[in-house]
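J.:
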Amino acid sequence: MIRLQVLSAGAAQGVVSALAKQAGYEISGSFGAVGAMREKLLAGEPADLIILTQALIAGLAAGGQVLPDSRADLGTVRTGVAVRAGDPAPDITSPDGLRAALLAAGAIYFPDPEKATAGIHFVQVLEALGIRQQVAQRLRAYPNGATAMRELAGSRAAGPIGCTQITEILNTAGVTLAGPLPTKFELATVYSAAVCARASDAAAARRFIALLTSDTTRELRRRAGFEF
Numbered sequence: 003m004i005r006l007q008v009l010s011a012g013a014a015q016g017v018v019s020a021l022a023k024q025a026g027y028e029i030s031g032s033f034g035a036v037g038a039m040r041e042k043l044l045a046g047e048p049a050d051l052i053i054l055t056q057a058l059i060a061g062l063a064a065g066g067q068v069l070p071d072s073r074a075d076l077g078t079v080r081t082g083v084a085v086r087a088g089d090p091a092p093d094i095t096s097p098d099g100l101r102a103a104l105l106a107a108g109a110i111y112f113p114d115p116e117k118a119t120a121g122i123h124f125v126q127v128l129e130a131l132g133i134r135q136q137v138a139q140r141l142r143a144y145p146n147g148a149t150a151m152r153e154l155a156g157s158r159a160a161g162p163i164g165c166t167q168i169t170e171i172l173n174t175a176g177v178t179l180a181g182p183l184p185t186k187f188e189l190a191t192v193y194s195a196a197v198c199a200r201a202s203d204a205a206a207a208r209r210f211i212a213l214l215t216s217d218t219t220r221e222l223r224r225r226a227g228f229e230f
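In this note's numbering, the protein residues as written are 3 to 230.
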């Protein structure tokens, strides 16, 4: 069994876990908001590889925290809207539809508005819609999208709704994808992987990244919510 220590965006958790199981890797480490994962690496937390947004990986490469020649892209993930499984999915294809759905929701679940890509963007969407103050008492922020979606799944609120990366929605039992954010508010994020400069097994990390980003795992990533 090959063991790897990973720091990863929550958006990639489903595909990383599935591939590790298929390929015989034992993965340990953390999955969560990209800002929090970056902070862990910079604080010295051991890791063989890291998966963040393309922009953050580029910054770490420039700073010498990851090996520049090891960088590879997994694909693009859009930010979407989720509802509790069994609840009717609102029409969120237009800004007006999204606004109405959020105003009608008994609780609104989303990831960290300061460190998570989707959380930061969602707060900007609320501002653009002009409803942030109106829904403030119903906002439920969590450290990452996976936790937010699990809380949505178990919510007892009337008609709860959530927003995070589509991969995290698809990877959570008890929630259903209503659709991506309307085109006006669309957020499409490219995620990349890289070997950490202080990796204890850089060779194994390179092999895992090569498999994770290869054509042979393209369908696995597509089912998990990545686009190409």
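Just so it is clear, CB atoms sit at the ideal spot from N, CA and C, and this is done for glycine as well.
(1) From 53, 63, 216 and 176, pick the residue whose C-alpha is nearest to that of residue 14; which is it?
(2) Report the option in 229, 152, 187 and 160 whose CA atom is closest to the CA atom of residue 175.
(3) Verify the CB distance criterion: does residue 28 have a CB-CB separation below 8 Å to chain B?
(4) Nearest to residue 72 by CA position, among 62, 79 and 83, is which residue?
(5) For residue 91, which three-state DSSP category applies?
(6) For a minimum of 3 consecutive residues, which ranges assigned as the beta strand (DSSP E) are wholly contained in the segment 47-123?
(7) Please confirm whether residue 51 and residue 197 have their CB atoms less than 8 Å apart.
(8) Take the Cβ of residue 44 as the centre, count every other Cβ of all protein chains shown within 10 Å, and call the residue buried at 16 or more, exposed below.
(9) Measuring straight from C-alpha to C-alpha, what distance separates residue 189 and residue 37?
(10) Alpha carbon to alpha carbon, how far is residue 205 from residue 29?
(11) Report the rounded CA-to-CA distance for residue 125 versus residue 156, giving the unit in angstroms.
(12) Among the residues of its own chain, which have a CB less than 6 Å from the CB of residue 74, if the five just before and after it don't count?
(13) Within 10 Å of its beta-carbon, does residue 167 have 16 or more other beta-carbons around it, so buried, or fewer, so exposed?
(14) At the level of alpha carbons, what is the spacing between residue 42 and residue 129?
(15) Can you list, in chain order, the stretches of the beta strand (DSSP E) that have 3 or more residues and sit fully within the segment 159-221?
(16) In the structure shown, what three-state DSSP assignment does residue 157 receive?
T.: In short, the structure shows the following:
(1) Translated into positions along the sequence shown, residue 14 becomes position 12. The shortest Cα separation from residue 14 among 53, 63, 216 and 176 belongs to 53.
(2) As a working mapping, residue 175 is identified with position 173 in the sequence shown. When each option's Cα is compared against that of residue 175, the closest is 152.
(3) Here there is only one protein chain, and chain B is not present.
(4) For this step, residue 72 is matched to residue 70 along the sequence shown. Measuring from the Cα of residue 72, the nearest candidate turns out to be 62.
(5) Position 89 of the sequence shown holds residue 91. Looking at residue 91 - three-state DSSP - the assignment turns out to be coil, as it is neither helix nor strand.
(6) 51-55, 74-86 and 110-113
(7) In the sequence shown, the residue the question calls residue 51 occupies position 49. In the sequence shown, the residue the question calls residue 197 occupies position 195. Taking 8 Å as the Cβ cut-off, residue 51 and residue 197 qualify as a contacting pair.
(8) Residue mapping note: residue 44 aligns to position 42 of the sequence shown, counting from 1. So residue 44 counts as exposed.
(9) Position 187 of the sequence shown, counted from the first residue, corresponds to residue 189. Position 35 of the sequence shown, counted from the first residue, corresponds to residue 37. About 17 Å.
(10) Against the sequence shown, residue 205 aligns to sequence position 203. Against the sequence shown, residue 29 aligns to sequence position 27. Approximately 15 Å, taken between the alpha carbons.
(11) Looking up residue 125 in the sequence shown gives position 123. Looking up residue 156 in the sequence shown gives position 154. Roughly 23 Å separates the two Cα atoms.
(12) If you number the sequence shown from 1, residue 74 lands on position 72. Excluding residues within five positions, the ones whose Cβ falls inside 6 Å are 195, 211 and 215.
(13) Position 165 of the sequence shown, counted from the first residue, corresponds to residue 167. By the neighbour-count rule (16 or more Cβ atoms within 10 Å), residue 167 is buried.
(14) Sequence index remark: in the sequence shown, residue 42 carries index 40 (1-based). Sequence index remark: in the sequence shown, residue 129 carries index 127 (1-based). If I take the Cα positions, the gap works out to 30 Å.
(15) 163-167, 177-182 and 190-197
(16) Counting from one through the sequence shown, the residue named residue 157 turns up at place 155. Coil at residue 157, not helix or strand.
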